[in-house]
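Just below is one structure, and these are the notes that go with it.
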Amino acid sequence: PLLPMLVQGQPFIDAQDELSVTEFMRKYGMPERINEEVFIAMAKALDFIDPDKLSMTVVLTAMNRFLNETDGLQMAFLDGNQPERLCAPMKEYIEARGGKVITGAPMKSIELNEDGSVKHLLMRNGDTVTADEYISSVPCDIMKRVMPKPWAKMPFFHQIRELEGIPVINIHLWFDRKLKAVDHLCFSRSPLLSVYADMSTTCKEYADDERSMLELVFAPCSPIAGGKVNWIMKSNEEIVEATLKELERLFPTEIGPGAPNGGAKLLKHAVVKVPRSVYAAIPGRNKYRPSQETPIPNFTLAGDWTSQKFLGSMEGAILAGKLAAEVVADRAAGLPTKGVKKVQDNIIESAKNFEPQDPRPQFGDCPTVFGGGYVLTPAAEKKIAETDPAVMAK
1 PLLPMLVQGQ
11 PFIDAQDELS
21 VTEFMRKYGM
31 PERINEEVFI
41 AMAKALDFID
51 PDKLSMTVVL
61 TAMNRFLNET
71 DGLQMAFLDG
81 NQPERLCAPM
91 KEYIEARGGK
101 VITGAPMKSI
111 ELNEDGSVKH
121 LLMRNGDTVT
131 ADEYISSVPC
141 DIMKRVMPKP
151 WAKMPFFHQI
161 RELEGIPVIN
171 IHLWFDRKLK
181 AVDHLCFSRS
191 PLLSVYADMS
201 TTCKEYADDE
211 RSMLELVFAP
221 CSPIAGGKVN
231 WIMKSNEEIV
241 EATLKELERL
251 FPTEIGPGAP
261 NGGAKLLKHA
271 VVKVPRSVYA
281 AIPGRNKYRP
291 SQETPIPNFT
301 LAGDWTSQKF
311 LGSMEGAILA
321 GKLAAEVVAD
331 RAAGLPTKGV
341 KKVQDNIIES
351 AKNFEPQDPR
361 PQFGDCPTVF
371 GGGYVLTPAA
381 EKKIAETDPA
391 VMAK
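Sequential numbering from 1 applies to the sequence shown in UniProt numbering.
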């Protein structure tokens with residue numbers, strides 16, 4: 001059943017978006033052991049959800065990259081933390097060429113001209129930011145909240161309502177000794193853990209020959225992603241306890257009371273909750289991912305949820321940013337752009353009778369307000385429950 005992917009390429013891959021991984025397996029008579037041995041781990045690693053919820057297009061896209069790109073099977077890590085090793089050099093590059101990077105300046109609203117183009121950005125402190133071109137890279141859920149009312153009835157922007165970010169939890173565990181079984185990035189079939197790695201081995205900044213520091217993705221962690229328990233609502237202590245029990249099961253010779261000398265001891269931990277992470281790549285969603293170019297002449301979209309060949313991922317975010325930059329560069333040079341991606345007929349019909357709401361301003365300074373992750377306090381969790389009750393529902 002994977003032969004058509006190799007022969008027909010992307011058209012075949014895109015056509016499978018209406019099927020979940022398990023539906024694709026049944027259609028082509030694939031044995032259940034392939035799901036248990038391969039697809040469960042792939043689904044949880046690629047989109048933090050189980051294969052009965054994941055679009056087969058996502059899995060086929062990844063497999064196609066693995067098979068057709070020279071370095072497709074290689075795994076790599078940034079050699080340190082992102083703010084210092086990734087963001088700081090980019091900031092220095094921009095500023096060295098006369099640009100300016102402003103942080104800690106939340107936007108209140110996107111103000112429009114009469115023709116629907118962007119007039120300026122109104123900041124929370126009352127300042128305005130005026131530019132020739134505007135690029136938004138906020139997650140799809142945040143875009144839906146800040147979208148100007150006149151745009152919301154436009155089919156291009158209306159289709160974004162079909163996309164939804166899923167919750168995910170990142171866990172950092174520091175142990176008192178070196179774990180031998182985890183020496184690279186691991187994809188897991190565990191019902192709680194999707195991917196994990198010993199950062200003391202894989203990342204230069206955290207290198208340590210004596211002690212391990214595991215980073216794990218806890219998923220699916222809510223009913224939205226197919227999980228049975230909404231772990232976003234659980235305390236950090238409950239999440240860490242469940243994680244350690246699962247690690248005891250996976251590595252009985254190294255972690256837990258059954259291991260020699262009582263096993264590795266946990267020294268400290270950090271739990272980072274992301275209430276809205278990558279978009280949920282459930283069947284039928286891929287066609288609603290918008291192009292970077294929009295019908296608004298001075299407004300461009302970026303973000304891993306926009307249309308590009310990679311998935312909702314860091315790779316997808318980088319590629320989407322590159323494609324957005326190409327749109328702006330082509331406009332500036334007076335060159336033809338690739339155009340706006342076709343909108344589905346059902347969206348065009350739905351938009352005709354849609355009554356948009358006023359944009360909802362983003363309150364607070366917690367990273368989750370802007371689509372990021374955070375070590376949540378009870379007060380922050382209460383605020384999320386008020387602004388995004390679907391995520392925090394028990």
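Note that the Cβ used here is the ideal one computed from N, Cα and C, for glycine as well.
- Pairing D176 with T201 gives a Cβ-Cβ distance that is not under 9 Å.
- By alpha-carbon distance to T22, the top candidate from P139, I282, N353 is I282.
- When E315, L179, I239 are compared, the shortest CA-CA separation from P252 is found for L179.
- In this structure, the CA atom of C221 is about 6 Å from the CA atom of V168.
- Annotation for L86: L78 place their beta carbon closer than 7 Å to its own, counting only its chain and skipping 5 residues before and after.
- K149 counts as exposed, since fewer than 16 other beta carbons sit within 10 angstroms of its beta carbon.
- With a contact defined as Cβ atoms closer than 8 Å, I232 and P275 qualify at about 6 Å.
- In this chain, the beta strand (DSSP E) harbouring N170 covers 168 to 175.
- With a cutoff of 9 Å on beta-carbon distance, E215 and N81 are scored as not near each other.
- The alpha-carbon of K108 is positioned some 19 Å away from that of N298.
- The region 184 to 194 and the region 38 to 56 touch, with three or more beta-carbon pairs separated by less than 8 Å.
- Proximity of the region 136 to 154 to the region 283 to 303 meets the contact definition, three or more beta-carbon pairs being nearer than 8 Å.
- Contact check for M25 against L60 fails: the beta carbons are separated by 9 Å or more.
- DSSP, read as helix, strand or coil, puts K338 in coil.
- For L46, the enclosing alpha helix (DSSP H) begins and ends at 40 to 47.
- Counting along the chain, no beta strand (DSSP E) covers A207, and no H or E run does either.
- Only buried fits F156, as 16 or more other CB atoms lie within 10 angstroms of its CB.
- Sequence-distant partners of E248 (beyond 5 residues in either direction) whose C-beta falls short of 7 Å from its own C-beta, in its chain, are I255, G256.
- Between V271 and the set R285, Y288, V240, the nearest pair of CA atoms involves V240.
- Runs of the beta strand (DSSP E) spanning 3 or more residues and lying entirely within the region 238 to 306 occur at 266 to 274, 299 to 301, in chain order.
- Q8 and V101 have their C-alpha atoms roughly 44 Å apart.
- By the neighbour-count definition (other C-beta atoms within 10 Å, threshold 16), G226 is a buried residue.
- Annotated three-state conformation of A76 is coil, per DSSP.
- Excluding five sequence positions before and after E355, none of the CB atoms of its chain fall closer than 7 Å to its own CB.
- Counting along the chain, H120 sits inside no alpha helix (DSSP H); it lies in the beta strand (DSSP E) bounded by residues 118 to 123.
- Under the three-state reduction of DSSP, M147 is assigned to coil, being neither helix nor strand.
- Boundaries for D50: no beta strand (DSSP E) harbours it, and the DSSP string shows neither H nor E there.
- Counting along the chain, the unbroken beta strand (DSSP E) around F218 starts and ends at 213 to 218.
- With 16 or more other Cβ atoms inside 10 Å of its own Cβ, S136 counts as buried.
- With 16 or more other Cβ atoms inside 10 Å of its own Cβ, N286 counts as buried.
- With contacts defined by Cβ atoms closer than 9 Å, P139 and G303 form a contacting pair.
- Q74 is classed as exposed because its beta carbon has fewer than 16 other beta carbons within 10 Å across all chains shown.
- By the CB criterion at 9 Å, I160 and K144 fall inside the cutoff.
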